[in-house]
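Student: The following block contains the structure, expressed as structure tokens.
Protein chains: 2
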Amino acid sequence: MFVIKKNGEIEPLQEEKIKTVVARIGGSLELANKIVEKVKTSLPDRVPVELIYKTLFDEVHRENPVLGCKLNLKKAISELGPTGFPFEQYFAKVLEHSGYSAVLPMLFEGKCVQHEMDVYATKGGDEYLVECKFHQYWQKKSDIKTALYVYAKVLDINEKNKKQFKPWIATNTKFSMDAVDYSHCQGIKITAWKHPLGESLENLIEKSNCYPITILPSGTREIFQRLIAEHVVLVEDFLKLSKEEIQKISGVSAEKCEYLLQEANLLRPTR
Amino acid sequence: MFVIKKNGEIEPLQEEKIKTVVARIGGSLELANKIVEKVKTSLPDRVPVELIYKTLFDEVHRENPVLGCKLNLKKAISELGPTGFPFEQYFAKVLEHSGYSAVLPMLFEGKCVQHEMDVYATKGGDEYLVECKFHQYWQKKSDIKTALYVYAKVLDINEKNKKQFKPWIATNTKFSMDAVDYSHCQGIKITAWKHPLGESLENLIEKSNCYPITILPSGTREIFQRLIAEHVVLVEDFLKLSKEEIQKISGVSAEKCEYLLQEANLLRPTR
């Protein structure tokens, strides 16, 4: 069985790739094997990669709606856009549910000029100045320029305030290799997609159970934008609203509201 | 007489604006007055700003073709794009004709990672690392992030090499106010459009008589791209070519070639 990639290249089906995705969202090996079997028996011998994704999504959703939502996490975060502010709000909430105290956005005097930092976070005596880099397009990596300017920014603030604020960059995409090297060398904390191992963006989200509102399968762009405009960025915040409030903010019917609440309840934090 | 601005606003004609432009390119007060008179007598009472520009260009060109070319400098530099490399080449030549020695682009080991600098320039014992920021759109200002990342870059290089390289940012557009403040405070040299007074990009160009090839009125985008691909970025370099070379590189007719050479000769450096 051969897979036709988006760039037109053809390669043999790699079952391991499917199993890795299922494992990442916490699915069982049994589920993974079931999906591989389904792909191999129900799809043509030369199959576009999109069709494999579709089968994967459909099967995971049918088996376990919660895992299905989690499969969409990457896309859900990108739907917090187009501006970067909802991601800043969202990341601050993830930090708060991970034991930090977090304040959104703050001005700091530097030796040379005044700077705005997206989030000021503290935990156990350490103080962090967080720069959030939101990219709506997943292909866009944060590059070394980001790491360099954030370092210079925090340096300028520290010089003025005689402080040891630690720089922290949070992004919903990946970091280029040299940006990772530079950040590691200069002591800049990075939170990115799949990086660093065990403390990546998706790790923090799953550990804190802080899912973005945009993960609800029944939601639309318009519904999300309306909720975000009212600072409802977490599924948890959504669940705190009454049905009347949801309908008023998002303009949905009573029936649609029920669907959304059912989906949100599946992801209700167990805290 | 009223001027209709691009954004639709209407304001009274400010004669001083026309006189300032003429003075900047080295035109006489007599020429400036003549143009103001022409604008006031030949244009309608409510006139789009573009029509005033056109009259200004036409009159300057008719009076003095060299000044006419200089009027186009801003646009000519933006035509060095779409990529940033021709501007780097061009700026290095401007530096060379301003008494610096300049080398294009170089890799430097930093404390943390390796960095590429667009130009390495020296003069009288001082060593500069230049970052060129080319913007094809004039509205786009270089912002403080640029100043911050260039500072961090040179800092990393200096720490590794125990050197005192001076950071230098050259751009064809303007700098935001806080970028200027930060650069001044951190000792970053800036060369931008109209900044700093007396040593701005257009000042350096006029003093060194280093006009970009894209300033020739008879040139087209295709001709310029072909010449630039062969590293002919200065009018001066163009004048070193034979007619046969010009025709071969740019693919123009003998007649067109004559026009271009005539225009280039008007701008021939007097060195």
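So the sequences go chain by chain: C and V. Counting from 83, one number per residue, gives the positions in the first sequence under the numbering used here. Counting from 83, one number per residue, gives the positions in the second sequence under the numbering used here. Ideal Cβ placement from N, Cα and C applies to all residues, glycine included.
1. Are the C-beta of Leu230/V and some C-beta of chain C separated by less than 7 Å?
2. Residues of chain B with a CB under 7 Å from the CB of Gln268/C: which are they?
3. I want to see whether chain V comes within less than 7 Å of Lys215/C, judged by CB atoms only; does it?
4. Give the range of the beta strand (DSSP E) segment to which Glu281/V is assigned.
5. Measure the C-alpha to C-alpha separation of His266/C and Ser332/V and round it to an integer number of angstroms.
6. Please return the same chain residues whose Cβ sits closer than 6 Å to the Cβ of Cys339/V, not counting the five positions on each side in sequence.
7. Helix, strand or coil, according to DSSP, for Val315/C in the structure here?
8. Give the residues of chain C in contact with Ile226/V, contact being defined as C-beta atoms less than 9 Å apart.
9. Going by DSSP in three states, Asp200/V sits in which element: helix, strand or coil?
10. Give the single residue among Gln218/C, Pro299/C, Ala174/C whose Cα lies nearest to the Cα of Asp200/C.
11. Return the CA-CA distance between Phe320/V and Asp127/C, expressed in angstroms with no decimal places.
12. I want to verify the contact list: residues of chain V whose CB lies under 7 Å from the CB of Tyr293/C, in sequence order.
13. Per the DSSP calculation, Glu209/C is bridged to which residue(s)?
14. Of all Cβ atoms in chain V, is any one closer than 7 Å to the Cβ of Asp200/C?
15. Quick check on Ile92/V: buried or exposed, where buried means 16 or more other Cβ atoms within 10 Å of its Cβ?
16. At a CB distance below 7 Å, what residues from the region 260-289 of chain V approach chain C? Give them in sequence order.
17. Since Ser224/V sits in a beta bridge, which residues does DSSP pair it with?
18. Relative to the C-alpha of Val118/C, which candidate in Gln221/C, Tyr135/C, Glu97/C, Leu125/C has its C-alpha closest?
19. Quick check on Asn154/V: buried or exposed, where buried means 16 or more other Cβ atoms within 10 Å of its Cβ?
20. To which residues does DSSP link Pro355/C through a beta bridge?
21. Any chance the region 197-212 of chain V sits against the region 247-266 of chain V, with 3 or more Cβ pairs inside 8 Å?
22. May I ask you to report which of helix, strand or coil DSSP gives Ser160/C?
23. Taking contact to mean at least 3 C-beta pairs separated by less than 8 Å, is the region 184-203 of chain C in contact with the region 219-226 of chain C?
24. Could you have a look at Ile92/C and say whether DSSP puts it in helix, strand or coil?
25. State buried or exposed for Gln268/C, treating a residue as buried only when at least 16 other CB atoms are found within 10 Å of its CB.
26. Give me the residue from Gly207/C, Glu141/C, Phe169/C with the minimum Cα distance to Gln246/C.
27. Taking Val271/C as part of the alpha helix (DSSP H), name the residues at either end of that continuous run.
28. Quick one: Cα of Arg49/V to Cα of Leu237/V, how far?
29. From which residue to which residue does the beta strand (DSSP E) around Val118/V run?
30. Please state the DSSP three-state secondary structure of Ile251/C.
31. Measuring straight from C-alpha to C-alpha, what distance separates Lys120/V and Tyr172/V?
32. Can you find the residues in the same chain that come closer than 6 Å, C-beta to C-beta, to Lys152/C, ignoring five residues on each side of it along the sequence?
33. What did DSSP end up calling Cys194/V once you bin it into helix, strand or coil?
34. Taking Cβ to Cβ, would you say Tyr231/C is nearer than 7 Å to Tyr231/V?
35. By the DSSP assignment, the beta strand (DSSP E) with Ser183/C in it spans what residues?
Tutor: By the coordinates alone:
1. yes
2. Of the chains in the structure shown, none is chain B; the protein chains are C and V.
3. no
4. Unbroken run through Glu281/V: none, as it is neither H nor E.
5. 49 Å
6. Lys325, Ile328, Gln329
7. coil
8. Neighbours of Ile226/V across chain C, judged by C-beta separation under 9 Å: Val195, His197, Tyr231, Lys235.
9. Under the three-state reduction of DSSP output, Asp200/V falls in the coil class, being neither helix nor strand.
10. Ala174/C
11. 60 Å
12. Within chain V, not a single residue places a beta-carbon under 7 Å from that of Tyr293/C; the smallest gap is close to 31 Å.
13. Thr204/C
14. no
15. Ile92/V comes out exposed.
16. Asp260, Asp263, Tyr264, Cys267, Gln268
17. Phe257/V
18. Glu97/C
19. buried
20. Any question about residue 355/C goes unanswered here, given that chain C covers just 83 to 353.
21. yes
22. helix
23. no
24. Here Ile92/C sits in strand by DSSP.
25. buried
26. Comparing Cα-Cα distances from Gln246/C to each of Gly207/C, Glu141/C, Phe169/C, the minimum goes to Gly207/C.
27. The amino acid at residue 271/C is misidentified as Val; the sequence shows Lys. Careful: Lys271/C lies outside any alpha helix (DSSP H), inside the beta strand (DSSP E) at 271-273.
28. The requested residue 49/V does not occur in the structure, where chain V is confined to residues 83 to 353.
29. Element bounds for Val118/V: not the beta strand (DSSP E) but the alpha helix (DSSP H), 111-124.
30. strand
31. 36 Å
32. Ile107
33. coil
34. In this structure, Tyr231/V lies closer than 7 Å to Tyr231/C by Cβ.
35. 183-185
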